[in-house]
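Below: the structure, in structure tokens.
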Amino acid sequence: MRKIRFILIKEFKQIFRNRAMLPLIIIMPIVQILVLSYAVDYEIKNLNLYVVDFDNSRLSRELQSKFTSSDYFRLSGFGQDLNEAEFALSSRESDLVLVIPSNFERQLIAEGTGDLQILIDAVDGSKAGLAAGYGGSIIRDYTGQITKEYALRYGANIGNQVRTVETLPQFRFNPLMDYKSYMVPGILVILVTMLGAFLSSMNIVREKELGTIEQINVTPIRKYEFILGKTIPFWIIGIFVFSLGLIEAKVAFNIPIAGSLWVLYSFTGVYLFLVLGFGLFISTITETQQQAMFISWFFLVIFILMGGLFTPIENMPPWAQTITLFNPIRYFIEVTRAVMLKGSGFGDLINNFMIISGYAVFTISLAVLRYRKTTG
Amino acid sequence: MSKQDSIWVEDLTKRFGSFTAVDSISFQVDPGEVFGFLGANGAGKSTAMKMLCGLLQPTSGIGEVAGFNIRKESEKIKKKIGYMSQKFSLYNDLTIAENIQFYAGIYGLKSREIREKSRLLLDQIELNTKADTYVGSLPLGWKQKIAFGVAMIHNPEIIFLDEPTGGVDPLTRRNFWEMIRQAAYQGTTVFVTTHYMDEAEYCDRISMMVDGRIEGLGSPADLKGEFESKNMDEVFLKLARAT
């Protein structure tokens with residue numbers, strides 16, 4: 001084990017003498033946390049709304065102002081020509097069109113119902129879904145309010161028909177529905193995954209390119225000593241970068257850390273071994289840094305996109321959900337979210353801990369086994 | 001094949017696909033001997049050496065290095081040997097002293113031994129004042145000397161040198177051979193490959209490799225007699241043309 005110390009000393013010296021390295025491990029967390037958490041914001045505001053109002057009544061105008069006074073919609077056009085509205089939609093000037101038919105007010109007051117049409121540009125499916133959701137709830141609120149108003153004014157006759165059930169959602173663990181609180185724990189995972197996987201996957205293969213690996217392979221060093229000596233420096237850097245990201249999340253966005261730091265760091269420590277084992281394994285099977293880069297990039301893209309950060313796993317088709325069961329990133333994102341937002345403890349996450357530990361043992365073993373001191 | 005042989009191999013062969021790099025070679029090396037492996041580029045010298053050092057698994061054939069089986073006990077062999085490759089393989093981004101410490105540490109030397117060895121080695125290669133210079137900034141001749149010193153850091157029984165003098169000036173080459181003779185004098189077996197035929201004269205015995213086979217084996221004087229040549233150049237040319 002004493003030999004590992006000498007590898008550590010050497011690796012640290014080389015890492016800190018590499019001019020690209022320090023900026024990378026300082027700037028990467030800053031950029032990812034600050035920029036990504038702003039950019040990856042699924043809350044949609046200021047959708048461009050085109051209104052075609054054939055009714056031109058008090059109620060139709062009120063409905064419009066309900067739309068435009070919310071943060072979600074902005075009036076981008078107005079008229080009584082459906083063709084113009086269609087054009088606004090197809091030229092992407094407007095995201096959605098609200099069509100109010102000519103007898104809207106009369107029908108609503110007389111019968112308590114009415115017809116409205118919303119046309120939505122659904123090129124971006126999730127945006128369209130949100131637009132429909134927001135629009136629908138504004139219309140429901142407004143028509144509910146109107147029918148209730150008239151019922152009160154003209155007797156119980158209509159009132160009987162409009163007994164509605166109102167749902168008041170209570171948002172737990174992220175009461176303000178703040179997107180950053182939801183995203184940042186996941187971005188922290190992406191941060192340590194990318195940094196760890198790239199640094200480690202480029203490492204052994206670099207010694208292959210330089211030819212120094214041969215001098216190592218001719219020494220009696222044991223394979224596990226070599227792999228551990230390569231893992232530990234990046235592990236320490238990984239913990240450092242994670243901490244930097246966490247501090248930033250706290251200082252810049254006041255992201256809550258409801259759970260214990262001890263739990264968070266235990267998971268991070270084990271997870272880093274998983275990532276580094278994966279990177280070093282790639283480094284042992286490749287011959288050039290370029291190959292290592294491409295292979296790790298290939299896997300990272302799949303892992304990240306299917307990790308539940310950008311697309312909720314529940315929204316994926318069943319076969320894709322099955323694939324995510326094999327995705328280590330998924331389990332760690334669940335952990336950071338649960339610990340930071342819900343304050344989950346170790347007992348709640350024991351399942352994830354077993355899976356992440358299992359993966360870590362698997363990848364590190366793979367790297368040790370695949371590292372060959374004697375070639376065919 | 002006696003117990004005292006530092007190295008012996010029989011019918012050692014290495015094939016890469018359909019190409020036979022080393023074709024059924026057999027020889028033995030005595031302890032303390034300077035054994036030269038001569039041949040043109042691509043004759044299979046480095047491949048043969050890598051099989052002896054445990055870097056490459058032989059396709060067929062048997063052999064022992066320092067008393068250990070080259071197929072099954074390569075990790076035990078590695079404790080007993082030093083190796084200096086053809087391609088410079090110290091870390092350019094570490095200083096001379098750091099390279100020495102690193103390899104001494106990997107070979108399991110104690111801290112006190114590391115300090116002593118470092119001082120001794122720096123004395124020997126006359127680079128005391130340069131201990132904290134990055135290896136990358138040194139001229140090739142100095143680098144080669146450091147590499148040699150690093151390969152000798154753990155007092156190996158056998159040292160393998162793969163073209164140690166490739167690309168260095170004649171004075172440094174001469175210097176280098178003094179270091180090699182010195183190591184042999186102290187009891188280390190030296191196995192050295194080269195394609196400089198004049199260097200053969202420094203060896204106790206040499207084997208001439210042509211196209212993966214050993215075509216001549218003996219002391220420089222023996223070979224010159226056998227092939228009726230004035231010098232090793234002539235021996236080599238006669239052997240190379242014969243095939």
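Chains A and B supply the protein sequences, listed in that same order.
Just so you know, this note's numbering puts 181 at position 181 of the first sequence, and the rest follows in order with no gaps.
Just so you know, this note's numbering puts 229 at position 229 of the second sequence, and the rest follows in order with no gaps.
Note that beta-carbon positions come from the ideal geometry of N, C-alpha and C, so glycine has one too.
Leaving aside the five residues before and after residue i along the sequence, list all residues of the same chain whose C-beta is less than 8 Å from its C-beta, in chain order.
| i | result |
| --- | --- |
| Phe16 (chain A) | Leu22 |
| Gly186 (chain A) | Gly307, Gly308, Leu309, Ile333, Thr336 and Arg337 |
| Leu377 (chain A) | Given that chain A is displayed from residue 1 to residue 376, the structure contains no residue 377 (chain A) and the question cannot be resolved. |
Just to confirm, is the Cβ distance from residue i to residue j under 8 Å?
| i | j | result |
| --- | --- | --- |
| Val51 (chain A) | Gln64 (chain A) | yes |
| Phe240 (chain A) | Leu199 (chain A) | no |
| Ile146 (chain A) | Phe67 (chain A) | no |
| Thr189 (chain B) | Glu157 (chain B) | yes |
| Tyr103 (chain B) | Ile180 (chain B) | no |
| Ser69 (chain A) | Glu105 (chain A) | no |
| Thr363 (chain A) | Phe278 (chain A) | yes |
| Asp23 (chain B) | Gly212 (chain B) | yes |
| Thr39 (chain B) | Met197 (chain B) | According to the sequence displayed, residue 39 (chain B) carries Gly and not Thr. Not a contact, by the Cβ cut-off of 8 Å. |
| Ile25 (chain A) | Ile237 (chain A) | yes |
| Ile100 (chain A) | Phe173 (chain A) | no |
| Ala183 (chain B) | Tyr83 (chain B) | no |
| Val210 (chain B) | Leu239 (chain B) | yes |
| Asp121 (chain A) | Leu82 (chain A) | no |
| Ala66 (chain B) | Ser6 (chain B) | yes |
State the Cα-Cα distance for the pair residue i and residue j, rounded to the nearest angstrom.
| i | j | result |
| --- | --- | --- |
| Ile158 (chain A) | Lys148 (chain A) | The pLDDT assigned to Ile158 (chain A) is 49, lower than 50, so where the model puts this residue is not dependable; a value taken from the coordinates is nonetheless given after this. So the two alpha carbons sit approximately 8 Å from each other. |
| Lys14 (chain B) | Leu52 (chain B) | 12 Å |
| Glu73 (chain B) | Arg174 (chain B) | 35 Å |
| Gln4 (chain B) | Glu226 (chain B) | 27 Å |
| Arg2 (chain A) | Gly108 (chain B) | 8 Å |
| Val205 (chain A) | Met293 (chain A) | 10 Å |
| Asn410 (chain A) | Phe353 (chain A) | This structure leaves residue 410 (chain A) out entirely; chain A is present only between 1 and 376. |
| Leu55 (chain B) | Asn99 (chain B) | 21 Å |
| Leu300 (chain A) | Leu274 (chain A) | 13 Å |
| Met340 (chain A) | Val263 (chain A) | 10 Å |
| Met28 (chain A) | Ala39 (chain A) | 15 Å |
| Ile355 (chain A) | Glu209 (chain A) | 35 Å |
| Ile159 (chain B) | Leu36 (chain A) | 55 Å |
| Gln86 (chain B) | Leu161 (chain B) | 8 Å |
| Leu108 (chain A) | Ser91 (chain A) | 33 Å |
| Arg372 (chain A) | Phe253 (chain A) | 47 Å |
| Lys45 (chain B) | Leu122 (chain B) | 30 Å |
| Glu225 (chain A) | Ala132 (chain A) | 59 Å |
| Lys143 (chain B) | Val135 (chain B) | 7 Å |
| Leu94 (chain B) | Gln57 (chain B) | 31 Å |
| Arg74 (chain A) | Leu98 (chain A) | 12 Å |
| Ala242 (chain B) | Ala21 (chain B) | 19 Å |
| Thr113 (chain A) | Tyr142 (chain A) | 12 Å |
| Lys230 (chain A) | Ile9 (chain A) | 10 Å |
| Leu49 (chain A) | Ala88 (chain A) | 10 Å |
| Lys130 (chain B) | Ile146 (chain B) | 11 Å |
| Ile118 (chain A) | Ala20 (chain A) | 53 Å |
For residue i and residue j, which I take to be in contact (beta-carbon distance under 8 Å), what is that distance rounded to the nearest angstrom?
| i | j | result |
| --- | --- | --- |
| Ser219 (chain B) | Thr212 (chain A) | Going by Cβ atoms, the distance from Ser219 (chain B) to Thr212 (chain A) rounds to 36 Å, so no, they are not a contact pair. |
| Gly259 (chain A) | Ser344 (chain A) | 6 Å |
| Ile96 (chain B) | Thr133 (chain B) | 6 Å |
| Met202 (chain A) | Gln289 (chain A) | 5 Å |
Kindly list the residues whose CB is nearer than 7 Å to the CB of residue i, restricted to its own chain and excluding five residues on each side of it in sequence; keep chain order.
| i | result |
| --- | --- |
| Leu140 (chain B) | Gly167 and Val168 |
| Gly105 (chain B) | Ile114 |
| Ile323 (chain A) | Met306 |
| Leu349 (chain A) | Val335 and Ala338 |
| Gln321 (chain A) | Ile313 |
| Phe68 (chain B) | Lys76 and Ile77 |
| Trp8 (chain B) | Met1, Gln28, Gly63 and Glu64 |
| Thr284 (chain A) | Ile204, Ala367, Arg370 and Tyr371 |
| Asn128 (chain B) | Leu122 |
Tell me which residues share the same chain as residue i and place their Cβ nearer than 6 Å to its Cβ, disregarding the 5 neighbours each side in the sequence.
| i | result |
| --- | --- |
| Gly36 (chain B) | Val192, Ala200, Cys203 and Ile206 |
| Ile295 (chain A) | Ile282 |
| Leu228 (chain A) | Ile4 |
| Leu242 (chain A) | According to the sequence displayed, residue 242 (chain A) carries Phe and not Leu. Around Phe242 (chain A): Val192 and Thr268. |
| Ser60 (chain B) | Thr13 |
| Ala360 (chain A) | Val270, Phe273 and Leu274 |
| Ile214 (chain B) | Ile25 and Ser207 |
Complete runs of the alpha helix (DSSP H) confined to the stretch 181-234 of chain B [at least 4 residues]
220-226
Within the stretch 80-143 of chain A, note down every full alpha helix (DSSP H) run reaching 4 residues or more, in order along the chain.
82-90 and 104-111
Note down, one range per segment and in chain order, each beta strand (DSSP E) of at least 3 residues found wholly within the stretch 151-175 of chain B.
Segments of the beta strand (DSSP E) lying fully in the stretch 151-175 of chain B: 158-162.
Just to confirm the assignment: which complete alpha helix (DSSP H) runs, minimum length 4, are found wholly within the stretch 261-309 of chain A?
261-285 and 289-305
Contained beta strand (DSSP E) runs [length at least 3] in the stretch 73-141 of chain B, N- to C-terminal order
Restricted to the stretch 73-141 of chain B, the beta strand (DSSP E) segments that are unbroken, complete and at least 3 residues in length are 81-84, listed in chain order.
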